[in-house]
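Engineer:
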Amino acid sequence: MTELLRVEGLSTHYLSEGQTVRAVDNVSLTIRRGEAVALVGESGSGKSTTAFSIMRLISNPGRIVGGRVLLDDRDVLTLDAAAMTRLRGVEMSMVFQEPMTFLNPLIRVGEQIAEAIRIHQKIRWSDARRKAIETLDMVQLPNPETVADYYPHQLSGGMRQRALIAIAISCRPSLLIADEPTTALDVTIQAQIMHLLRQLCSELGTALLLITHNLGLVAEYCERVYVMYAGQIVEEASIFDLFESPRHPYTEALLDCALLFDRRADRFRTIRGRPPSRVEVPSGCRFHPRCSRVMAECTTVEPAVVRLANGNQVRCLLHE
Amino acid sequence: MKPLLEVDDLQVFFPVSDGWSTRDKRTVKAVDGISLALGEGEVLALVGESGCGKTTLGRAVAGLTRPTGGEIRFRGQALDRLTAEDRPVYRRQVQMVFQDPYDSMNPLKTAFQMISQPLLINRVVPRDELETEVLRLFDKVGLSPGPSYLNRSRHQLSGGERQRLSIARSISVSPSIIVADEPVSALDISIQGQILALMRELQDASRISYLFISHDLAVVRSLADRVMIVYLGRVAEEGPTEAVFNAPKHPYTLALLAAHPIPDPERSRKRRRLVLTGDVPSPIDPPSGCRFHTRCPIAEPICSQAPPPFLAFGDGHRAACHFADRIESRMEALSTVAPTARPG
Ligand SMILES: Nc1ncnc2c1ncn2[C@@H]1O[C@H](COP(=O)(O)OP(=O)(O)OP(=O)(O)O)[C@@H](O)[C@H]1O
Ligand SMILES: Nc1ncnc2c1ncn2[C@@H]1O[C@H](COP(=O)(O)OP(=O)(O)OP(=O)(O)O)[C@@H](O)[C@H]1O
Ligand code: SF4
Ligand code: SF4
Ligand SMILES: [Mg+2]
Ligand SMILES: [Mg+2]
Numbered sequence: 004m005t006e007l008l009r010v011e012g013l014s015t016h017y018l019s020e021g022q023t024v025r026a027v028d029n030v031s032l033t034i035r036r037g038e039a040v041a042l043v044g045e046s047g048s049g050k051s052t053t054a055f056s057i058m059r060l061i062s063n064p065g066r067i068v069g070g071r072v073l074l075d076d077r078d079v080l081t082l083d084a085a086a087m088t089r090l091r092g093v094e095m096s097m098v099f100q101e102p103m104t105f106l107n108p109l110i111r112v113g114e115q116i117a118e119a120i121r122i123h124q125k126i127r128w129s130d131a132r133r134k135a136i137e138t139l140d141m142v143q144l145p146n147p148e149t150v151a152d153y154y155p156h157q158l159s160g161g162m163r164q165r166a167l168i169a170i171a172i173s174c175r176p177s178l179l180i181a182d183e184p185t186t187a188l189d190v191t192i193q194a195q196i197m198h199l200l201r202q203l204c205s206e207l208g209t210a211l212l213l214i215t216h217n218l219g220l221v222a223e224y225c226e227r228v229y230v231m232y233a234g235q236i237v238e239e240a241s242i243f244d245l246f247e248s249p250r251h252p253y254t255e256a257l258l259d260c261a262l263l264f265d266r267r268a269d270r271f272r273t274i275r276g277r278p279p280s281r282v283e284v285p286s287g288c289r290f291h292p293r294c295s296r297v298m299a300e301c302t303t304v305e306p307a308v309v310r311l312a313n314g315n316q317v318r319c320l321l322h323e
Numbered sequence: 027m028k029p030l031l032e033v034d035d036l037q038v039f040f041p042v043s044d045g046w047s048t049r050d051k052r053t054v055k056a057v058d059g060i061s062l063a064l065g066e067g068e069v070l071a072l073v074g075e076s077g078c079g080k081t082t083l084g085r086a087v088a089g090l091t092r093p094t095g096g097e098i099r100f101r102g103q104a105l106d107r108l109t110a111e112d113r114p115v116y117r118r119q120v121q122m123v124f125q126d127p128y129d130s131m132n133p134l135k136t137a138f139q140m141i142s143q144p145l146l147i148n149r150v151v152p153r154d155e156l157e158t159e160v161l162r163l164f165d166k167v168g169l170s171p172g173p174s175y176l177n178r179s180r181h182q183l184s185g186g187e188r189q190r191l192s193i194a195r196s197i198s199v200s201p202s203i204i205v206a207d208e209p210v211s212a213l214d215i216s217i218q219g220q221i222l223a224l225m226r227e228l229q230d231a232s233r234i235s236y237l238f239i240s241h242d243l244a245v246v247r248s249l250a251d252r253v254m255i256v257y258l259g260r261v262a263e264e265g266p267t268e269a270v271f272n273a274p275k276h277p278y279t280l281a282l283l284a285a286h287p288i289p290d291p292e293r294s295r296k297r298r299r300l301v302l303t304g305d306v307p308s309p310i311d312p313p314s315g316c317r318f319h320t321r322c323p324i325a326e327p328i329c330s331q332a333p334p335p336f337l338a339f340g341d342g343h344r345a346a347c348h349f350a351d352r353i354e355s356r357m358e359a360l361s362t363v364a365p366t367a368r369p370g
């Protein structure tokens, strides 16, 4: 598989009440064509900020302060506005957690999709509408002609998420970023949407970056995973390696916390403490105040990313 | 032993009011004939999809929503026949904990004020022992060091700390039942365990009973003694947790289990898939016969005609499906999506 996206040393900060929130700090990752990659981490670890930075959708008080985002070898961060508009939606697009925020409540669903298509393709309205209906059919909405005339509030949560996916894939992008696409949905609907996403991606050859805190979804639908903690990537591994033998103490602890529904847990596991504030980052390893395997040097030495023999990566002094 | 709480054929209907159709006489049948019993120190989990009536049932039990029909009895006494003096006693006995207590916390109040208020109103301790008691409760829910939390307001607490505070508030009046409505859903998994462990500890130490509302089957499996699977205002299946998880009898339970992600790539990719089609129908106009028939993979003509009776499987395990006694062979016959192999 050839490389599609390469993020190098990306840093994005927010200015909040005179303080700098280092939301994303020197993040690097790659995605190959057609691959399904997960980005996992606790709330506030910087997952969404990473996604928005890749899409170049960071606005005040946020600012991308460093790094490169290469999509097919073009640096997304230096493109002019017109080129960016052509890129966004056509080559990469995004699905969000709460579809209602991104659908216009006053415009019929079909029209919104047609509009998205017309931004990128100079075709007539009637053709755009036909394509919109085709797209609604692709996301398996029943009676796409009827649904096209609905307003967003007439759709259920699952249908809205399908409509949003329809908009995102309408131009057959090579990269689709899905930020917690099913968090607000029930498990049976979640299963429908995840199946749909995976099926569409393999049909269209689209690469998927799935952002989630649900380790179950990662295990089931992705091939490779990046684990994020306090703005940094702390581990990268293939799915099977990660779940079989996590290398970073944080990943290990996180997997320990996950409950399985097919067996009863005698004891509930947790990670002591909580993620650090992003204004005052702990010295040395950011995870050291919570790490069960902390060593003396962890409080002063910042671990570098180490590539392991099997190609996986980890940021921990135990592996240096 | 007589159960602490009994609910008989409970109905809670809401009038439909959607702005322009004010003369609409239809109702939302949020809870439509649910019965349950909760023993002392027992954890009963309510599971089901969004809108199936879990919160409504919980609120009715907590005395916050008036039932349309049926009866709720606490220690054998019917709720709607409680005297004016007994009503506040009941309110105190049954406490509710919400998904994210942020909204139910007054932004101007400190943690100390939030806990001391119910203590004062219910005259649990004299005024001069208030702070000692608040600190004792903080300690009990793991807010430590306690004194550092006394003056914090809601925005100075993390999600996990807010949930601990909300539990401290609910146990401050020594309730016998806590209705916990998705108490850990808003929390990161690294924090969830702390709250679940706390709830289990309180159950062991104080014999508190829980009506535990959750859509997370893994959490339910580990915490609940018994489970009730609800679909569109009615019970689909109920029974001891182990029986329901090990030998589910209702197609909806099977579908929920099949859809629930497993954080284990080997197993999650090997298991058989069962993806339900369609959405949950509206509770205003629920499907005839079995309410699940519009999505059920093994539905037959009888399903849309006759509501299924409960078939019993011993030890309180029962399921409302015409084919519950033949479920294994029926499901076996389905062509399920082929499992995906481990990539090369
Ligand atoms: N507009 C903003 N202004 C100030 N700080 C922000 C802003 N948006 C995000 N942050 C901060 O940046 C950090 C990373 O946030 P981000 O939303 O990327 O996390 P996340 O991993 O997506 O979390 P979640 O799982 O909760 O969605 C957090 O500390 C957050 O508080
Ligand atoms: N006060 C109300 N007025 C009108 N309808 C209501 C009211 N409260 C709840 N409903 C409706 O009753 C049904 C059951 O709602 P309820 O909140 O009990 O579901 P739930 O199972 O708790 O769902 P969720 O998992 O989303 O919390 C829904 O269709 C809801 O819209
Ligand atoms: S560097 Fe030290 S503190 Fe950080 S994860 Fe590794 S062992 Fe733990
Ligand atoms: S009664 Fe019929 S529709 Fe209902 S769950 Fe059983 S088989 Fe399915
Ligand atoms: Mg996010
Ligand atoms: Mg609810």
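In the order they appear, the protein sequences are chains A and B.
Reminder that position 154 of the first sequence reads as 157 in this note's numbering, one-by-one numbering, no gaps.
Reminder that position 3 of the second sequence reads as 29 in this note's numbering, one-by-one numbering, no gaps.
No residue lacks a Cβ here, since even glycine has one placed at the ideal position from N, Cα and C.
1. Can you pull the DSSP bridge partners for B:Leu-31?
2. By the criterion of Cβ-Cβ separation under 7 Å, what are the contact partners of B:Asp-214 in chain A?
3. Taking DSSP's pairing of strands, which residues face B:Asp-58 in a bridge?
4. So is B:Ser-76 in contact with chain A if we call contact Cβ pairs under 9 Å?
5. By how many angstroms is the C-alpha of B:Ile-324 removed from the C-alpha of B:Ser-355?
6. Please identify the residue among A:Asp-269, A:Asp-189 and A:Arg-277 whose C-alpha is closest to the C-alpha of A:Leu-257.
7. Starting from A:Thr-191, follow the alpha helix (DSSP H) in both directions and report where the run begins and ends.
8. Among B:Lys-51, B:Ala-231 and B:Phe-124, which residue has its Cα nearest to the Cα of B:Lys-166?
9. Within the same chain, show all residues whose beta-carbon is closer than 7 Å to that of B:Tyr-175, passing over the 5 residues directly before and after it, in chain order.
10. Return the first residue and the last residue of the beta strand (DSSP E) that A:Asp-182 is part of.
11. Runs of 4 residues minimum, wholly inside the region 220 to 295 of chain A: which ones carry the alpha helix (DSSP H) assignment?
12. For B:Glu-68, is the classification buried or exposed, using 16 other Cβ atoms within 10 angstroms of its Cβ as the cut-off for buried?
13. Just by C-beta distance, which residues in the region 267 to 288 of chain B are closer than 8 Å to chain A?
14. So which residues on chain B does A:Leu-109 lean against when the C-beta distance must stay under 9 Å?
15. Where B:Ala-364 and B:Lys-296 are concerned, what is the direct C-alpha to C-alpha distance, given to the nearest angstrom?
16. What in chain B is Cβ-close to A:Ile-242, meaning under 7 Å?
17. What number of angstroms, rounded off, separates the C-alpha of B:Val-306 from the C-alpha of B:Cys-316?
18. Where A:Asp-211 and A:Ser-96 are concerned, what is the direct C-alpha to C-alpha distance, given to the nearest angstrom?
19. For my contact list, B:Gly-265 and B:Arg-344 are in at a C-beta cut-off of 8 Å; report their separation, rounded to the angstrom.
20. Between the alpha carbons of B:Glu-157 and B:Ser-235, how many angstroms are there, rounded?
21. Contact between the region 194 to 206 of chain B and the region 176 to 184 of chain B: three or more CB pairs below 8 Å?
22. For a contact defined as C-beta to C-beta under 8 Å, what are the partners of A:Gly-161 on chain B?
23. Among A:Ser-31, A:Ala-187 and A:Val-27, whose alpha-carbon lies nearest the alpha-carbon of A:Gly-49?
24. Who does B:Gln-139 pair with in a DSSP beta bridge?
25. Rounded to a whole number of angstroms, what is the C-alpha to C-alpha distance between B:Ile-353 and B:Met-122?
26. Is B:Ala-273 near ligand 4 - that is, is its Cβ less than 8 Å away from at least one heavy atom of it?
27. Which chain B residues sit within Cβ distance under 8 Å of A:Phe-271?
28. Helix, strand or coil: how does DSSP classify A:Met-162 here?
29. What do you get for B:Ile-193, buried or exposed, if any count of 16 or more other CB atoms within 10 angstroms of its CB means buried?
30. State the DSSP-derived secondary structure class of A:Pro-155, mapped to helix, strand or coil.
31. Might you give, ordered along the chain, the residues of its own chain that have their beta carbon closer than 7 Å to the beta carbon of A:Thr-1, omitting 5 neighbours on each side?
32. Using a C-beta cutoff of 9 Å, does B:Asp-242 count as contacting chain A?
33. Is the region 17 to 32 of chain A touching the region 226 to 245 of chain A, taking contact as three or more C-beta pairs under 8 Å?
34. DSSP beta-bridge partners for B:His-348?
35. For the alpha helix (DSSP H) that contains B:Ala-273, what are its first and last residues?
36. Under the criterion of a Cβ to heavy atom distance below 8 Å, does B:Val-120 qualify as lining ligand 3?
Structural biologist: Considering the structure as presented:
1. As a first step, residue 31 of chain B is located in the second sequence; it is residue number 5 there, counting from the start. For B:Leu-31, which the question treats as bridged, DSSP gives the partners B:Leu-64 and B:Phe-100.
2. Translated into the one-based positions of the second sequence, residue 214 of chain B becomes position 188. Simply Glu-45, Ser-46 and His-216.
3. The residue labelled residue 58 of chain B in the question sits at position 32 within the second sequence. Bridge partners of B:Asp-58: B:Gln-37.
4. Counting from 1 along the second sequence, the entry for residue 76 of chain B is found at position 50. Output row for B:Ser-76: interface = yes.
5. If you number the second sequence from 1, residue 355 of chain B lands on position 329. If you number the second sequence from 1, residue 324 of chain B lands on position 298. One C-alpha to the other measures close to 11 Å.
6. Position 254 of the first sequence, counted from the first residue, corresponds to residue 257 of chain A. Here the closest residue by C-alpha is A:Arg-277.
7. The residue labelled residue 191 of chain A in the question sits at position 188 within the first sequence. Note, A:Thr-191: alpha helix (DSSP H), 190 to 207.
8. By 1-based counting over the second sequence, the position of residue 166 of chain B is 140. Selected option, being the one with the closest Cα: B:Ala-231.
9. Along the second sequence, one-based indexing puts residue 175 of chain B at 149. Closer than 7 Å at the Cβ level, and outside the excluded window around B:Tyr-175, lie Ala-137, Phe-164 and Leu-169.
10. Here the question's residue 182 of chain A lines up with position 179 in the first sequence. Where A:Asp-182 is concerned, the enclosing beta strand (DSSP E) stretches over 178 to 182.
11. 242 to 247 and 252 to 260
12. Counting from 1 along the second sequence, the entry for residue 68 of chain B is found at position 42. Under this definition B:Glu-68 is a buried residue.
13. Thr-267, Glu-268, Phe-271, Ala-281, Leu-282, Leu-283, Ala-284, Ala-285, His-286, Pro-287 and Ile-288
14. In the first sequence, counting from the first residue as 1, residue 109 of chain A sits at position 106. Ordered by position in chain B, no residue passes the 9 Å Cβ test against A:Leu-109, which lies about 16 Å from the chain.
15. Here residue 364 of chain B is taken as the residue at index 338 of the second sequence, counted from 1. Here residue 296 of chain B is taken as the residue at index 270 of the second sequence, counted from 1. Legend: pLDDT at B:Ala-364 = 42, less than 50; position of this residue unreliable, no value from coordinates given.
16. Taking the first residue of the first sequence as position 1, residue 242 of chain A is located at position 239. Pro-291, listed in chain order.
17. As a first step, residue 306 of chain B must be located in the second sequence, where it is residue number 280. As a first step, residue 316 of chain B must be located in the second sequence, where it is residue number 290. If I take the Cα positions, the gap works out to 13 Å.
18. Looking up residue 211 of chain A in the first sequence gives position 208. Looking up residue 96 of chain A in the first sequence gives position 93. The sequence shown places Leu at residue 211 of chain A, not Asp. About 10 Å.
19. Here residue 265 of chain B refers to the residue found at position 239 when the second sequence is read from its first residue. Here residue 344 of chain B refers to the residue found at position 318 when the second sequence is read from its first residue. About 7 Å separates the two Cβ atoms, so the contact holds.
20. Against the second sequence, residue 157 of chain B aligns to sequence position 131. Against the second sequence, residue 235 of chain B aligns to sequence position 209. Looking at the two C-alpha atoms, the distance is approximately 27 Å.
21. no
22. Translated into positions along the first sequence, residue 161 of chain A becomes position 158. Simply Asp-305.
23. Reading the first sequence from its first residue, position 46 is the one you call residue 49 of chain A. The shortest Cα separation from A:Gly-49 among A:Ser-31, A:Ala-187 and A:Val-27 belongs to A:Val-27.
24. What you label residue 139 of chain B is simply residue 113 of the second sequence in a count that begins at 1. Looking at the DSSP assignment, B:Gln-139 forms no beta bridge with any residue, so it has no partner.
25. Your numbering for residue 353 of chain B matches position 327 in the second sequence. Your numbering for residue 122 of chain B matches position 96 in the second sequence. Cα to Cα, B:Ile-353 sits roughly 37 Å from B:Met-122.
26. As a working mapping, residue 273 of chain B is identified with position 247 in the second sequence. No, the Cβ of B:Ala-273 stays beyond 8 Å of every heavy atom of ligand 4.
27. Translated into positions along the first sequence, residue 271 of chain A becomes position 268. Neighbourhood of A:Phe-271 in chain B, by CB distance below 8 Å: Gln-218, Gly-219, Gln-220, Leu-222, Ala-223, Arg-226 and Ser-248, in chain order.
28. Looking up residue 162 of chain A in the first sequence gives position 159. DSSP places A:Met-162 in helix when its eight states are reduced to three.
29. For the purposes of this step, residue 193 of chain B is taken as the residue at position 167 of the second sequence. Classification for B:Ile-193: buried.
30. By 1-based counting over the first sequence, the position of residue 155 of chain A is 152. Correct three-state label for A:Pro-155: helix.
31. As shown, chain A starts at 4 and ends at 323. That puts residue 1 of chain A outside it, with no answer to give.
32. For the purposes of this step, residue 242 of chain B is taken as residue 216 along the second sequence, with counting starting at 1. Output row for B:Asp-242: interface = yes.
33. yes
34. Translated into the one-based positions of the second sequence, residue 348 of chain B becomes position 322. In the DSSP output, where bridge partners are listed per residue, B:His-348 has none listed.
35. Taking the first residue of the second sequence as 1, we reach residue 273 of chain B at position 247. No alpha helix (DSSP H) contains B:Ala-273, which DSSP labels as neither H nor E.
36. In the second sequence, the residue the question calls residue 120 of chain B occupies position 94. Flag unset: Cβ of B:Val-120 not near ligand 3.
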